[in-house]
DNA sequence: GAACAAAACGTTTGCGCAAACGTTTTTCTC
DNA sequence: GAGAAAAACGTTTGCGCAAACGTTTTGTTC
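Okay, here's the thing in structure tokens:
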């Protein structure tokens with residue numbers, strides 16, 4: 002039924018070793034013999050079985066990527082960029098979507114690390130490092146992406162969260178805004194924590210009164226920003242900072258629908274998805290923080306392959322920098338420096 | 002180093018067969034023995050090796066999905082929905098992104114069908130069925146998604162393309178529009194062909210003059226709609242039909258930037274991504290065609306698992322229906338009926 | 001308590017391939 | 001033309017597991 006390497010060997014009149022070496026270029030084979038082998042392969046329509054190969058070599062040529070939300074543009078773009086890098090290097094990509102659910106993350110990590118992939122990229126939805134760490138077999142190649150833990154146990158690739166938010170608050174304060182609200186993502190995530198802490202510190206440094214009600218948390222899922230906004234608007238904000246692209250779009254739409262005009266009625270600073278439609282329309286009325294998603298994806302791909310190929314490689318922590326685009330200087334882009 | 006089934010067997014004082022049967026529930030094992038086995042598994046931290054298992058059984062519990070553009074919201078949403086269905090049924094999903102490139106599609110299909118996955122979902126970028134067909138090993142479970150071929154060889158899941166466009170033209174014509182332009186996707190795709198042919202037929206049926214320049218093709222990638230629009234606007238259109246969500250967003254933004262107002266200056270009908278931001282903002286100024294992306298994804302998942310579990314199952318062709326939302330009746334939704 | 005069945009487990013094989021280990025043939029050297 | 005080296009290929013094993021095939025033990029019947 003299935004054509005195997007020994008069928009090829011038989012037809013070509015050589016040994017299976019020769020066929021194997023011919024295919025994989027792992028030993029010298031005379032060109033006449035190669036010829037015979039390739040002819041037999043073509044005649045039989047032989048394709049090496051990936052399962053058997055993986056089993057034999059222990060290499061699957063597959064990387065897993067645990068993502069909190071595939072349909073979120075931020076992650077979709079990152080997946081694209083990761084896939085691009087991996088496929089260019091002979092690897093395939095398995096996606097697992099946790100939908101910000103810890104149990105699903107556990108299930109998926111366990112499944113994938115049990116011999117299904119060579120390495121794992123994880124944008125974890127977990128807060129507790131112990132719980133995450135317990136899932137990873139000793140020595141298994143893992144790279145944390147976008148969301149990290151407070152240990153040096155795994156390599157990681159993320160973007161700076163503190164500086165852009167700190168800068169945002171300062172700019173708003175300098176503009177005369179006093180009551181600055183902020184909409185963060187899930188409170189348990191490292192990215193959210195860093196951003197909120199930057200907000201707090203900047204507020205203090207700018208001598209602006211802190212007020213717990215000015216800090217709201219959404220879950221970066223659909224319609225989560227509206228509730229946050231309602232609560233912020235009730236308190237009468239001069240400005241709002243949004244920590245996530247999807248919620249930024251919601252914010253803009255919601256304000257638009259309420260007849261609140263950006264920059265005239267309220268100041269807005271936000272993390273945005275670079276090519277999101279709302280961003281294109283409103284880029285000139287707000288400060289935008291644009292994360293280098295594609296670089297993030299590529300760096301993640303690089304790091305995981307590096308670890309897969311050399312599991313002893315030292316832990317590596319890469320922090321990329323977001324672009325900050327103030328609306329007052331359209332066209333001008335500046336890089337925050339951490 | 003690695004804990005295998007025989008390590009477990011040894012520690013539990015049973016045979017490997019018993020361990021295997023205990024894990025997989027494939028033979029009666031007394032509860033005391035089960036106890037011993039599970040205890041040994043826990044003590045050693047044993048996890049069955051997925052590679053070996055796949056190799057042995059021939060089942061990988063993985064489905065491949067060949068996608069033309071991951072970052073496109075339409076496909077990202079579909080991936081999400083496919084993944085949801087598959088993971089609920091114990092399968093993982095491998096993504097391959099072709100970026101609308103036929104060579105990449107060939108490479109990926111070949112790779113995945115060579116023992117890496119149990120079945121394949123394909124939204125093909127190819128026009129030539131022979132070329133596609135040549136890539137698929139005999140009997141390999143394949144389901145075509147969104148883009149189909151003119152044969153009954155593979156099962157498929159797609160949405161109706163003809164009816165919504167036909168209806169669009171009729172509505173525009175009834176409104177008095179004469180010069181109706183259309184922006185289609187890649188000319189080689191079945192979806193594009195059906196939509197354009199619906200346009201032609203409707204134009205003829207409505208006694209509107211055909212004009213080749215009114216038909217423009219974009220590639221559904223970034224910025225492709227602008228060129229089409231420039232050419233259409235040059236000809237002075239009363240109305241424009243856009244056949245794809247991403248290009249719809251571009252169109253709306255571009256018209257907005259040019260100061261052309263929807264419904265006052267020009268009529269717009271478009272396929273849109275349901276939760277896209279621009280759609281949310283402009284839904285009341287245009288006719289929208291909304292494809293049932295999630296149902297599409299789920300149906301695709303259902304079909305491919307059905308084929309994987311029974312390769313002899315009859316060919317199945319599912320055609321889903323898009324929702325048509327006329328802007329004149331906000332809130333009212335109607336279903337086109339093919 | 002012989003004969004037989006059912007319960008509960010063990011022994012062994014082979015999936016397809018890569019690669020360690022081995023053999024033969026050719027070529028070269030003096 | 002004997003001996004050694006290099007070239008070119010062959011034989012065999014085992015990766016970890018599932019399952020086909022076999023065996024032992026424990027009832028059960030008359």
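Chains as they are written, first to last, in the numbering used here: chain A, 2 to 339; chain B, 2 to 339.
The beta carbon of each residue, even a glycine, is placed where N, CA and C say it ideally should be.
Just so it is clear, the structure is predicted and the values come from calculations on it, not from any experiment.
Let me know the secondary structure DSSP gives residue i once reduced to three states.
{"i": "residue 92 (chain A)", "result": "coil"}
{"i": "residue 284 (chain A)", "result": "helix"}
{"i": "residue 42 (chain B)", "result": "helix"}
{"i": "residue 321 (chain A)", "result": "strand"}
{"i": "residue 218 (chain B)", "result": "strand"}
{"i": "residue 141 (chain A)", "result": "coil"}
{"i": "residue 135 (chain A)", "result": "coil"}
{"i": "residue 98 (chain B)", "result": "strand"}
{"i": "residue 290 (chain B)", "result": "strand"}
{"i": "residue 113 (chain A)", "result": "helix"}
{"i": "residue 30 (chain B)", "result": "coil"}
{"i": "residue 87 (chain B)", "result": "helix"}
{"i": "residue 209 (chain B)", "result": "coil"}
{"i": "residue 326 (chain B)", "result": "strand"}
Could you pull the start and end residues of the beta strand (DSSP E) that residue i belongs to?
{"i": "residue 157 (chain B)", "result": "156-160"}
{"i": "residue 271 (chain B)", "result": "268-273"}
{"i": "residue 314 (chain B)", "result": "Per DSSP, residue 314 (chain B) belongs to no beta strand (DSSP E) and is neither H nor E."}
{"i": "residue 123 (chain A)", "result": "120-123"}
{"i": "residue 170 (chain B)", "result": "Counting along the chain, residue 170 (chain B) falls outside any beta strand (DSSP E), though it belongs to the alpha helix (DSSP H) covering 163-175."}
{"i": "residue 240 (chain A)", "result": "240-243"}
{"i": "residue 197 (chain B)", "result": "Looking at the DSSP string, residue 197 (chain B) is not in any beta strand (DSSP E); the run it does join, the alpha helix (DSSP H), is 191-206."}
{"i": "residue 185 (chain B)", "result": "181-185"}
{"i": "residue 65 (chain A)", "result": "63-68"}
Is there at least one Cβ from chain B nearer than 8 Å to residue i's Cβ?
{"i": "residue 117 (chain A)", "result": "yes"}
{"i": "residue 301 (chain A)", "result": "no"}
{"i": "residue 257 (chain A)", "result": "yes"}
{"i": "residue 269 (chain A)", "result": "no"}
{"i": "residue 21 (chain A)", "result": "no"}
{"i": "residue 61 (chain A)", "result": "yes"}
{"i": "residue 291 (chain A)", "result": "no"}
{"i": "residue 254 (chain A)", "result": "yes"}
With a threshold of 8 Å between beta carbons, is residue i in contact with chain A?
{"i": "residue 75 (chain B)", "result": "no"}
{"i": "residue 332 (chain B)", "result": "Because residue 332 (chain B) sits at a pLDDT of 46, beneath the cut-off of 50, its placement in the model cannot be relied upon, and the point is left open."}
{"i": "residue 1 (chain B)", "result": "No answer is possible for residue 1 (chain B): it lies beyond the span of chain B, which begins at 2 and ends at 339."}
{"i": "residue 250 (chain B)", "result": "yes"}
{"i": "residue 104 (chain B)", "result": "no"}
{"i": "residue 71 (chain B)", "result": "yes"}
If we count the other Cβ atoms within 10 Å of its Cβ and call it buried at 16 or more, is residue i buried or exposed?
{"i": "residue 33 (chain B)", "result": "exposed"}
{"i": "residue 1 (chain A)", "result": "Given that chain A is displayed from residue 2 to residue 339, the structure contains no residue 1 (chain A) and the question cannot be resolved."}
{"i": "residue 1 (chain B)", "result": "With chain B covering only 2 through 339, there is no way to say anything about residue 1 (chain B)."}
{"i": "residue 279 (chain A)", "result": "buried"}
{"i": "residue 132 (chain B)", "result": "exposed"}
{"i": "residue 265 (chain A)", "result": "exposed"}
{"i": "residue 231 (chain B)", "result": "exposed"}
{"i": "residue 1 (chain B)", "result": "Outside the displayed span of chain B (2 to 339) sits residue 1 (chain B), for which this structure offers no information."}
{"i": "residue 152 (chain A)", "result": "exposed"}
{"i": "residue 54 (chain A)", "result": "buried"}
Going by DSSP, what residue range makes up the alpha helix (DSSP H) through residue i?
{"i": "residue 246 (chain B)", "result": "246-258"}
{"i": "residue 11 (chain A)", "result": "6-13"}
{"i": "residue 263 (chain B)", "result": "It is not in any alpha helix (DSSP H) - residue 263 (chain B) carries neither H nor E in the DSSP assignment."}
{"i": "residue 72 (chain B)", "result": "Where residue 72 (chain B) is concerned, there is no enclosing alpha helix (DSSP H), given that its DSSP letter is neither H nor E."}
{"i": "residue 231 (chain A)", "result": "225-235"}
{"i": "residue 58 (chain A)", "result": "51-58"}
In the segment 78-97 of chain A, which residues sit with their C-beta less than 8 Å from some C-beta in chain B, listed in chain order? Residues of the segment 78-97 of chain A that bring their beta carbon within less than 8 Å of a beta carbon in chain B comprise 78, 80, 81, 84, 85, 88, 93, 94, 95, 96 and 97, in sequence order.
Against chain A, which members of the segment 45-58 of chain B pass a CB distance test of less than 9 Å? Here the close residues are 46, 48, 49, 50, 51, 52, 53, 54, 55, 56 and 57.
Name, going along the chain, the residues of the segment 276-287 of chain B whose beta-carbon falls closer than 8 Å to a beta-carbon of chain A. In summary, the residues of the segment 276-287 of chain B whose CB is separated from some CB of chain A by less than 8 Å are 276, 277, 278, 279, 281 and 282, in the order they occur in the chain.
Where the segment 30-42 of chain A meets chain B: residues whose CB sits under 9 Å from a CB there: Of all residues in the segment 30-42 of chain A, none has a Cβ within less than 9 Å of some Cβ in chain B.
Can you give me, in chain order, the residues of the segment 216-228 of chain A that have a beta carbon less than 9 Å from any beta carbon in chain B? Legend: CB atoms of the segment 216-228 of chain A lying less than 9 Å from CB atoms of chain B belong to residues 223.
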